[in-house]
Structure formats: C-alpha cells, structure tokens
Amino acid sequence: MYEANIEWALNAYRQSRARLPDAVFPERSEYVSDLSQLANRFDIFLLDAFGVLNIGETAIEGVAERIRQLRALGKKVAVVTNAAGYPASHLHGRYHRLGFSFSEEEVFSSRATLLRGISGMQVSRWGIIAHPKFGFDELPEPFELLTDDPETYERVDAVLMLGASAWNDERQKLLVRSIAANPRPVLVGNPDIVAPYEGGLSREPGYYAHLLADETGCSPLFFGKPFANVFTYAMSVLGGETPPNRILMVGDTLHTDILGGRAVGFKTALVTGYGFFGGADPEPAIRQTGLVPDFIMPRP
Ligand SMILES: [Mg+2]
C-alpha cells in the first residue's frame, strides 16, 4: 500500500479506536525471517487471508509450502478472515484455486461468525447490505436488499452490513436518516475500515458502520477481527485446551490482526512484505498506534 494510503487508513482507524477492543502489548517486536523460525514456539497458527495467503487472485509465493511444513510438524493451521460479502463456498473455491488446502473446519470468517451470532434473533424482516453478484446463500429470510429505495429501509427490523462494494454515499444517507429516525440493531459482518486493492483503498463495511455510529449515536455490533467473537468461534472448533500463548495470529494489519490477536491473549506476527504495509517500514505506524506485534516478518 502507498505510504499516503497507510496514513489515511491509520487516521480512519484512530477515529474509531474507542469502539475497538483494548489489549496489552509487548514493549518491542522480535524480527524473524518467516514462520519456520517460530514453529517450535506455537501449536496453532491462525493466518489472515488477504496479505498473508493471497493478494486478490494471486497466492503469495511459498505460503502453501510453509503451511505444509507446519502441518508436518504436527501444528494446526487455520484461516481467520474478515470476509463477509460472499458465501463460504466462494471462499473455499478461491483458496482451492490458489493451491491452499483448508477444510471447512479450518476457515473462520467474520460472515460465519455473524451468522452464528444472529441464529437466535427474532427478526421479522432483515435489511441486507451486500453486492447482489455473490448471491444470497446462507442469509436469513425474509430480507430486503437495501439500495436506492428509501421505503425498503423503513420496512426492516435489523440491518446486516456484509459488503460495501455496491454501497455508496447516497445509500449511506438513506441508512443514516432511517436509523436516526427509528433506531434498530445494526450488525456488521466485516469490521475492516479499508482494504487495499490494485487501485488504492476500498471502503469496507466497518468504514460505513463507524460513520453511522458517529452520526446517529447507534452502537453497531461488529463480528470479526479485532473483536473476540471470531477467535472464540475458531477456538471452539480447533480445541480450547491450547494455552493462548501457544497460539499465533499472523496478519498484515495492525488494527485487525494484531489488536484482535492480542486482545484475546494470543501472540501476534505482522507480515510487512505484502498487503497493508506492502514492503514499507511498519515502525512509524507501530509507534503511532501503540499496537506492537510480538513478531515482525517480511513474509509468512
Ligand atoms: Mg489482511
């Protein structure tokens, strides 16, 4: 990511910091070359997807082989990703195409965390914010897709923010007006504020949710990193007996992977060669945010 984009993203996260969890951090980070140097120190490796496994539709070189090495040593390796815009089958298809072998029990998405979280909720009609091109598998019914018709916003009892690629400032205005006039639960399936892509930064559901909270005073419920719910879900499947300090969260983003991992007591490793930092020096951002990873590595 360009340095100007890093500045912009860090500023956006700073403004929403009060809604993110607290955590305790080490004084400084230990620099290592890659995960093979940490194999003996952890039993479970939780890998972020974008910036660790892949960049878009390209796998990061050597990561599939690294995962095989860790598994050969008896380590558990799983994915913890803030992906909410599309169904699990789409996610699995992508990982498979990229050469990664993860079973359904080894991928923990913010979308699945949200769907588990709402399973007991009594809602007569959901409002969904998502791009229609990914289809509506797995989503609760009945629902309205929230787009340009103001009346649809009035008809729903709760709003699910899953993906922002079809969202825009006009639709956000409709949402703000509707929630301000008639407060209802807002649940967010991807707490990311921004995501890097080839052309710069995309605004993610977290961006719009924080804006909505700032403007209406509502308290959105967030599912996914850095919030504990996705990690609790992962550990319920992977085995709750492992001490937290034998679990390593590996990611490219300070405010999701590093903050979230530390907030539940895991150790954390920041990957700097891809994704958020894309080769830039992370130390100024670490000093500025106080979000200090246990380990820093150029590649996973
Ligand atoms: Mg990432």
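Each residue of the sequence shown is one higher than the one before, starting from 0 at the first, in numbering that gives the first Met the number 0.
We treat Cβ as the ideally placed atom computed from N, Cα and C, and that holds for glycine.
Backbone secondary structure at residue i - three-state DSSP
i: residue 79; result: strand
i: residue 128; result: strand
i: residue 48; result: coil
i: residue 273; result: coil
i: residue 167; result: coil
i: residue 230; result: helix
i: residue 243; result: helix
i: residue 266; result: strand
i: residue 158; result: strand
i: residue 6; result: helix
i: residue 222; result: coil
i: residue 104; result: helix
i: residue 144; result: strand
i: residue 255; result: helix
i: residue 22; result: coil
i: residue 117; result: coil
i: residue 56; result: coil
i: residue 88; result: helix
i: residue 29; result: strand
i: residue 66; result: helix
i: residue 194; result: strand
i: residue 201; result: strand
i: residue 236; result: helix
Proximity of residue i and residue j at Cβ, strictly below 8 Å
i: residue 270; j: residue 51; result: yes
i: residue 244; j: residue 83; result: no
i: residue 250; j: residue 21; result: no
i: residue 3; j: residue 192; result: no
i: residue 225; j: residue 262; result: yes
i: residue 80; j: residue 35; result: no
i: residue 163; j: residue 203; result: yes
i: residue 290; j: residue 247; result: no
i: residue 273; j: residue 66; result: no
i: residue 110; j: residue 161; result: yes
i: residue 299; j: residue 62; result: yes
i: residue 228; j: residue 57; result: no
i: residue 138; j: residue 128; result: no
i: residue 29; j: residue 294; result: yes
i: residue 232; j: residue 166; result: no
i: residue 234; j: residue 32; result: no
i: residue 101; j: residue 78; result: yes
i: residue 152; j: residue 173; result: yes
i: residue 209; j: residue 93; result: no
Same chain, Cβ closer than 7 Å to residue i, five either side skipped, listed in chain order
i: residue 217; result: 178, 182, 185 and 211
i: residue 90; result: 82, 106 and 108
i: residue 180; result: none
i: residue 24; result: 261, 289, 290 and 291
i: residue 281; result: 269, 271 and 295
heavy atom of ligand 1 below 7 Å from residue i C-beta
i: residue 288; result: no
i: residue 252; result: yes
i: residue 49; result: yes
i: residue 274; result: yes
Neighbourhood of residue i by C-beta distance below 6 Å, restricted to the same chain and skipping five residues each side
i: residue 136; result: 86
i: residue 8; result: 193
i: residue 97; result: 53 and 58
i: residue 267; result: 248, 257, 260, 261, 292 and 293
Sequence-distant residues of the same chain with beta carbon closer than 8 Å to residue i, five excluded per side
i: residue 205; result: 15, 187, 189, 190, 191, 192 and 221
i: residue 74; result: 38, 41, 42, 43 and 44
i: residue 279; result: 0, 2, 5 and 271
i: residue 168; result: none
i: residue 214; result: 175 and 179
i: residue 133; result: 84, 85, 86, 89 and 162
Test: residue i CB closer than 8 Å to a CB of chain C
i: residue 233; result: The chain inventory of the structure shown lacks chain C, comprising one protein chain alone.
Check: residue i C-beta below 7 Å from any heavy atom of ligand 2
i: residue 116; result: Ligands in the displayed structure: ligand 1; ligand 2 is not one of them.
Review point. Are there three or more Cβ pairs, one per stretch, closer than 8 Å when the segment 120-128 is compared with the segment 145-157?
Key: With contact defined as three or more Cβ pairs closer than 8 Å, the segment 120-128 and the segment 145-157 are in contact.
Check your understanding: Are the segment 140-153 and the segment 102-118 touching by the rule of at least three beta carbon pairs closer than 8 Å?
Key -> Counting Cβ pairs under 8 Å, fewer than three are found: no touch.
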